[in-house]
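Here the structure is laid out as C-alpha cells; the discussion comes afterwards.
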Amino acid sequence: MAFRKAVKGTALIGGGAIATVFGLSQFSQYRNKHGALVQVQAAEDVPVKNHLPTREQQILALQTVSEFDVIVIGGGATGCGCALDAATRGLKTALLERYDFSSGTSSRSTKLIHGGVRYLQKAIMKLDFEQYRMVKEALEERAHLLQSAPHLSAPLPIMLPIYKWWQLPYYWIGIKLYDLVAGSQCLKSSYVLTKARALELFPMLRKDRLVGAIVYYDGQHNDARMNLAIALTAARYGAATANYTEVRHLLKSTDPASGRPRVCGVRCRDVLTGKEFDVRAKCVINATGPFTDSVRKMDDEEVPNICQPSAGVHIVMPGYYSPDNMGLLDPATSDGRVIFFLPWEKMTIAGTTDSPTDVTSHPIPTEEDINFILSEVRNYLGADVEVRRGDVLAAWSGIRPLVTDPNSKDTQSISRNHVVTISDSGLVTIAGGKWTTYRAMARDTIDAAIQEHNLKAGSSKTMGLLLEGAQDWSPTLYIRLVQDYGLESEVAQHLASTYGDKAFEVAKIAQVTGKRWPIVGKRLVSEFPYIEAEVVYGVKEYARTAVDMISRRTRLAFLNVQAAEEALPRIVDIMGKELNWSEQKKKEEFETAKKFLYYEMGYKVKTDQLTDSSEISLVPSDIERYKKRFHMFDKDKKGFITILDVQRVLESISVQIAENTLHEILNEVDLNKNGQVELNEFLQLMSAIQKGHVSGSRLAVLMKSAEENLRRRAAIPVDRSGGGV
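Note that this note's numbering has the sequence shown beginning at 1, numbered continuously upward.
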C-alpha cells in the first residue's frame, strides 16, 4: 500500500528530471563564473575609523561637506548596504534615515537568511529563469552573510513533515535541487527522517498520519542587529550616517550640457532638533523600501508606481513550542501560503501572512492574521500541545516592498527580484529584492550610479567583508567575558552573539551588582539576558528613543511586549541621563514607547482578549469554585477586591510583594479601571484562561497559590502533640 502511494510521486519524476538538467546546466555555468565564495576583497585602501563618530559629528559632516559623491536615502538593509558598498569603494558617502536604522521592514522579517525554497519551486514548475536566477544569487549571498557576521547568524535545520507517501519523492527532489543550486555553498546536505526519528527531534509534532520528514538547512539571523552592523561598518569606513534625518525634497540644478534638470542633492531636517539644511551630491540613491514611490514622486509627480506593498504578520510564542535547534516549514497552508515555525532568541517565531496593504510607517498586526497563524500551527502540532491565543507574547506586521508584475492578480505570485531604475533627472532607485540579497542589490545599485554619474570608483569590495563585531569574534568568546568580567554565562553568550568582539566594550561599562555572582551586569528584566550597560552602549550606536532601545538595540519588544513594558522605566531613566532629557522628555518617551508596544507589537490585540465585555463561559461548578476563591480575598463580601485585600491575605501566608507590583497585577484585570477587581471581572479572567485566550495572569496564579496555602494551614490540627501539657 505504501509502495503504491509512493508510485504516485513518479508522475513528477519527468518534471523533476527536466528541472535537474535545468539546474545542472545553470549550476555548471554558475560555478565557472563564480567558483567558490570570492576571497575577502578587503577595502584596504579605505581607512577604517577605530572610534565610531557620534551622531552630532555625523550631522556636522552632512552640513559641512561641500559635495558628496553619493547620498543614500533609507536606512534599511538595502540602504545601509548601498552606503557600505559606496564607502568601501572610496566614494564620499552620506546615508540618511527618517527614523532609526532598521525601523521598518528590515527589523520585521522572518529572521531567515535563505534562497527561497518556494521560489525555486515556482521556477521549476513554471520554467521561470528569472526566479531561478534569484534563488541562485540568494544562496550565494546566504553564504556571504553567514561568513561576514558569524556572531549574528548561524545555519538552522528546518523540518518539512510529510503526511502523504506520494509527497516524499516530490519534496525530496525539490529540496535536493535546492542543495544542488547552492553547490559548494550548501550549508549541509538535506536528509530524510523516519517517523520515529522526526518525532524524536521535534516531539511537539502531530503524530497521526505522519509518514516521515525531510530536513534541509538555511540561515537565521538577528535582523535588526545585522542591519545596524551594516550601518556601523559603513560609518567606520567614512560614510556620514545619520538616523532621524528626514529628506524634505530633492534639490535640482540645470545640466549645462543638456539643459535638463538633474538631481543634485536633498533638503534635510534633523528630526531631533528641527534644523533644516541642504546636502549636495553628484548622485542620489532612493533605497526606501515600501516608500520607494513617494521618493520617486519627489522627482516626478507623474511617475507610475513600481512597488506593490504586501503585509506579513509574525507572532512570537514561548520557546517550549519548538525544539531549541530545529525549525518547521508548512509548505502548503489552507490558503496556499507558506508558514515557518522557528526557534529564535529562545522563543518561537511563527509566520508569515501575505496580503496587500497600504504603505504606512506604523503597520499593525490584526487579530485575523494572528488567528490564521495559530490555526496553521495547530494543524502541525500534537493534540497534547494546546496552542493558546494567550501564549502570543508579541506580534508585528512588516511591509514587503515587492516589485509589481502588471499581469499578477495577487501579491503571492510576485517575485522579490530587485530592479534598479534611473530617472531622466538621474535619481537612482533600487526596489524589490529580499533581505538575504541586500549586498548584491547594493552592488548593482552602486554600479549603476557609477556608470550614470561618471563617478571615479572601482568594482564592489563587499564580498567577504566582515561586519561590525565579526573581526575577532569566536564561538568561545563568551567564556572570556565570564572569566574576565564576572558576567552570568547566559548574559555573556547574549553579548557575544549580539555585539561580537565589541561585547568587551559593553562588559567594561557594566555595573557591579553587589552580589557574589554575577559580579557585573544588572538585568533590565529577570527573564531576559539584556543588561543596563547595553542601554548606555546603545546610545553610542545612535539610539535616540526608547523605542530604538526596546525594539532594535535590544529585541525585547519583539520577544515579549509585557517584559518590554516592564523594562521601559529603567531604560528611559538611563537614556535620559545619557542624552540629558528633561522630565517632560522622559515622560514623552515613555508614553511613545508604550503606544508603540500597544499598537505595533501586538499589545492591543493581546489585551483585547480580556475586556469588560468578554463573555463568561464557565460551567456552574467552576463558577462556584472561583467565587469561593474570590471570597477568600473579599472577606467583607463587597463584591470587589482592592490592593489592601490582597495584601491582607498575603501577610497571612507570610508572602511579601512590593505595593507598586501589586498595583500592576490588579491593573491587568481591572477592566473598567476603577482601582478594584470586581467578581465579574475575575470570572471573565478565569473564563478567558480556560479558553486559552489569556495565559500567564499574575493575579490568577497569585490567588490560586494563596488559596492552596490557606487550605494547607487550615488542615493543621490545633492539638498537634495530643493536647499539650
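Every residue, glycine too, gets a C-beta built ideally from N, C-alpha and C.
Count the other CB atoms within 10 Å of the CB of residue i; is the residue buried (16 or more) or exposed (fewer)?
i      : result
Met298 : buried
Ser184 : exposed
Thr64  : exposed
Trp172 : buried
Thr233 : buried
Phe129 : exposed
Asp719 : Reliability fails at Asp719, whose pLDDT of 42 lies under 50, so the model's placement of it is uncertain and the value that follows must be treated cautiously. Exposed, since its Cβ has fewer than 16 Cβ neighbours within 10 Å.
Met226 : buried
Arg711 : exposed
His51  : exposed
Glu140 : buried
His362 : exposed
Gln451 : exposed
Gln220 : buried
Sort the options by Cα distance to residue i and report the nearest one.
i      : options                           : result
Ala383 : Asp670, Glu566, Asn325 and Arg206 : Arg206
Phe504 : Lys515, Gln483, Leu524 and Arg523 : Gln483
Ile73  : Glu56, Trp172, Glu141 and Leu250  : Leu250
Glu681 : Val669, Gly486 and Lys502         : Val669
Val338 : Thr592, Lys604 and Tyr119         : Tyr119
Ala442 : Cys80, Val284 and Glu345          : Cys80
Gly351 : Ala395, Pro363 and Asp391         : Ala395
Glu565 : Phe596, Ile653 and Trp581         : Phe596
Val135 : Leu481, Gly115 and Met125         : Gly115
Pro318 : Pro309, Ala224, Gly336 and Phe341 : Phe341
Trp165 : Pro356, His362, Leu146 and Leu210 : Leu210
Asp358 : Pro309, Lys515 and Glu488         : Pro309
Tyr603 : Gly390, Ala224 and Asp636         : Gly390
Met347 : Pro323, Thr353 and Pro150         : Pro323
Gln511 : Tyr499, Ser526 and Leu487         : Leu487
Val646 : Ala240, Asp69, Leu328 and Lys704  : Lys704
Phe590 : Lys577, Leu579 and Asp573         : Asp573
Tyr485 : Asp270, Arg516, Val419 and Leu168 : Arg516
Val561 : Val535, Glu651, Tyr599 and Trp581 : Tyr599
Leu146 : Leu556, Glu301, Thr436 and Val619 : Thr436
Nearest-angstrom Cα distance between residue i and residue j?
i      : j      : result
Asn660 : Arg553 : 28 angstroms
Phe27  : Ala143 : Unreliable positioning characterises Phe27 in this predicted model, as indicated by a pLDDT of 43, which lies under 50. The coordinate reading is nonetheless provided below. Cα-Cα distance, rounded: 16 angstroms.
Gly432 : Val303 : 17 angstroms
Tyr320 : His453 : 54 angstroms
Phe277 : Val247 : 10 angstroms
Val215 : Ser189 : 9 angstroms
Lys5   : Ala242 : Confidence at Lys5 is low in this model, with a pLDDT of 38, below 50, so its placement is unreliable and no value can be given for it.
Thr273 : Ser106 : 26 angstroms
Leu177 : Arg197 : 23 angstroms
Ser617 : Ser687 : 6 angstroms
Phe101 : Lys522 : 26 angstroms
Ile689 : Tyr626 : 12 angstroms
Lys638 : Glu583 : 40 angstroms
Val539 : Ile531 : 14 angstroms
Val506 : Val295 : 38 angstroms
Gln412 : Ser355 : With a pLDDT of 46 at Gln412, under the threshold of 50, the predicted position of this residue should be treated as unreliable, and no value is reported.
Asn379 : Asn667 : 35 angstroms
His314 : Leu524 : 25 angstroms
Ser258 : Gly426 : 13 angstroms
Please report the Cβ distance between residue i and residue j, rounded to the nearest whole angstrom; I am assuming they are in contact, meaning their Cβ atoms lie under 8 angstroms.
i      : j      : result
Val46  : Tyr237 : 6 angstroms
Leu568 : Ala593 : 6 angstroms
Ile285 : Ile71  : 7 angstroms
Phe528 : Ala563 : 6 angstroms
Tyr478 : Ile509 : The Cβ separation is near 17 angstroms, so there is no contact.
Met575 : Met549 : 7 angstroms
Cys268 : Arg280 : No, Cys268 and Arg280 are not in contact; Cβ-Cβ is about 11 angstroms, not under 8 angstroms.
Val392 : Ile370 : 6 angstroms
Ile665 : Arg698 : 5 angstroms
Asp447 : Trp473 : Going by Cβ atoms, the distance from Asp447 to Trp473 rounds to 30 angstroms, so no, they are not a contact pair.
Lys111 : Asp223 : 6 angstroms
Ala332 : Pro53  : The pair is not a contact, with the Cβ atoms about 50 angstroms apart (cut-off 8 angstroms).
Met204 : Leu374 : With a Cβ gap of about 14 angstroms, Met204 and Leu374 do not count as contacting.
Arg98  : Ser460 : Between Ser460 and Arg98 the Cβ distance is about 26 angstroms, and since that is not below 8 angstroms, they are no contact.
Asp270 : Thr245 : 6 angstroms
What are the complete beta strand (DSSP E) segments, minimum 3 residues, inside the stretch 429-464?
none
Secondary structure, beta strand (DSSP E): runs of 3+ residues fully inside the stretch 202-267:
212-221, 240-242 and 245-254
Run through the stretch 108-180 for me and flag every whole beta strand (DSSP E) of 3 or more residues, listed as ranges in chain order.
153-162
Please list the segments of the beta strand (DSSP E) lying wholly inside the stretch 560-609, counting only runs of 3 or more residues, in order along the chain.
none
Could you pull out every unbroken alpha helix (DSSP H) segment of at least 4 residues lying fully inside the stretch 323-411, listed in chain order?
367-380
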